[in-house]
Structures are given as C-alpha cells and as structure tokens.
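Per our numbering, the very first residue in the sequence shown carries number 2; after that it's consecutive. The structure appears below as structure tokens.
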Amino acid sequence: MRSIFEENDVICAEVRGFQHDGLHLQARSQKYGKLKRGQLLTVPPYLVKRRKQHFHNLVDYGIDLILGCNGFIWVGEHVVPADDMVEDQTEQQTMKSDVTLTSLEEQEQVSTPLEIRQYICRTANAIRVLSTLGFIVTVEVIMEIVDLSCSMNVDIHEMLGSEFCVLVAEKEVERRTLTKKKR
2 MRSIFEENDV ICAEVRGFQH DGLHLQARSQ KYGKLKRGQL LTVPPYLVKR
52 RKQHFHNLVD YGIDLILGCN GFIWVGEHVV PADDMVEDQT EQQTMKSDVT
102 LTSLEEQEQV STPLEIRQYI CRTANAIRVL STLGFIVTVE VIMEIVDLSC
152 SMNVDIHEML GSEFCVLVAE KEVERRTLTK KKR
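Structure representation (structure tokens):
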C-alpha cells in the first residue's frame, strides 16, 4: 500500500485483519481509496446507524457522501472509479509509474467547481447541525437540511447559527409528528 498511498493520506478501506506491526487493509476498487477534494467530519458514532449502503452519490449536488459507522463522515467531490482493482505489485507499477504519475498529476491540477465546493460545505454544515442537535445522521435528513438552507437562501456560514439550528429542530419535530400520524 505504501507504493499507492503516502503517509497522512485520507483513505477509505476495509480492515481485513490485525498484525503485530499494523493493519491489513483492503481497498476493493478505486471507489475505496484515497479521499480528496472534500471534508472529513467526526460525529458521535451512535448518530450513524448501520445500513446496507454507506456510500452515497448525491447526483443533484455532484458530491459523494460516506457515512462511517465509526462516526467518520466524508463529504467530497464525486469521483468516477477508474479501475476495478488496484493491486500492489511493484514490478508492474514501476513500468506503469511514468504514465500513471502524469495522469495523477493532471487530476490533481483540476480544481473543484465553486458550486460543488459550496454543496460540499452546505452538506458538511448540515451534518454539523445534526450532530449539534443530537439527531440521527441519514442521507435523507442531510438532503432535507441542504434543500432547506438553499430554499431559504441561508448563507453557508449562517447554517451553523442558532436560528438555523432552531429551524432544523422545528422541521424534525414536524417530520416526526407526521411519521407518528401515519402509523
């Protein structure tokens, strides 16, 4: 893995086992790999419920969302997987290193559009508001909060203010009341 990633890279991988000198990680595809152009948030783990799917592509916003059961949440620009599998083979990698290096450098130079960066920040702030209020973090609730902030023309930095937190709490009360009435 050291030939693929550097120290202090933020990656998404599955822990396959523990060894005396570290962990055995598995990145099944490019979908699981180096995370860049986004924000890593931490919330209390009890706010993220175990679900069948933890990787989400919010097509409307052009972002990816990873809800980790350990409380780590990644919000970043949508990345299209390049390969089915990346293997750690030094001989093959050295032959392809020049070609891969230039394509990686080209990808690094591409900047994230302003609109997508704003959606990343809005989504991250929506998660921060949910965490502050102690509400369960789900994709549906996150999208509702982002849509609410957009529809009310709330600036990104104002989403963390007390007025918006009260508004989100009131919306959650409404949602729970409607859910109970349907039962």
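The beta carbon of each residue, even a glycine, is placed where N, CA and C say it ideally should be.
By DSSP, does residue i sit in helix, in strand, or in coil?
i, result
"Phe-136", "coil"
"Asp-148", "helix"
"Ile-157", "coil"
"Arg-17", "strand"
"Thr-113", "coil"
"Asn-9", "coil"
"Val-49", "coil"
"Arg-38", "coil"
"Arg-184", "coil"
"Ser-98", "With a pLDDT of 48 at Ser-98, under the threshold of 50, the modelled position of that residue is not reliable, and no figure is offered here."
I'd like to confirm the pairing. Which residues does DSSP put opposite residue i in its beta bridges?
i, result
"Asp-65", "Asn-58 and Gly-77"
"Thr-43", "Phe-73"
"Leu-26", "Val-16"
Cα separation between residue i and residue j?
i, j, result
"Val-155", "Val-147", "10 angstroms"
"Gly-39", "His-21", "32 angstroms"
"Leu-179", "Glu-141", "15 angstroms"
"Val-80", "Leu-59", "11 angstroms"
"Thr-124", "Arg-184", "30 angstroms"
"Leu-68", "His-55", "5 angstroms"
"Leu-36", "Ser-132", "22 angstroms"
"Arg-176", "Ala-170", "10 angstroms"
"Ser-112", "Lys-182", "47 angstroms"
"Val-130", "Gly-77", "18 angstroms"
"Cys-151", "Glu-145", "10 angstroms"
"Leu-26", "Phe-19", "9 angstroms"
"Pro-114", "Val-11", "21 angstroms"
"Ile-74", "Ser-163", "23 angstroms"
"Gly-63", "Cys-122", "12 angstroms"
"Ala-127", "Met-160", "7 angstroms"
"Thr-95", "Phe-6", "Note that Thr-95 scores 43 on pLDDT, short of 50, meaning its location in the model is unreliable; the coordinates nonetheless yield the value given after this. Their Cα atoms are separated by approximately 15 angstroms."
"Arg-118", "Glu-8", "25 angstroms"
"Cys-166", "Leu-66", "22 angstroms"
"Thr-139", "Pro-46", "13 angstroms"
"Tyr-120", "Val-16", "30 angstroms"
"Cys-13", "Gly-34", "5 angstroms"
"Gly-135", "Val-174", "13 angstroms"
Residue i and residue j look like a contact to me (Cβ under 8 angstroms); what is the Cβ gap, rounded to whole Å?
i, j, result
"Lys-50", "Ile-137", "6 angstroms"
"Gly-72", "Val-44", "5 angstroms"
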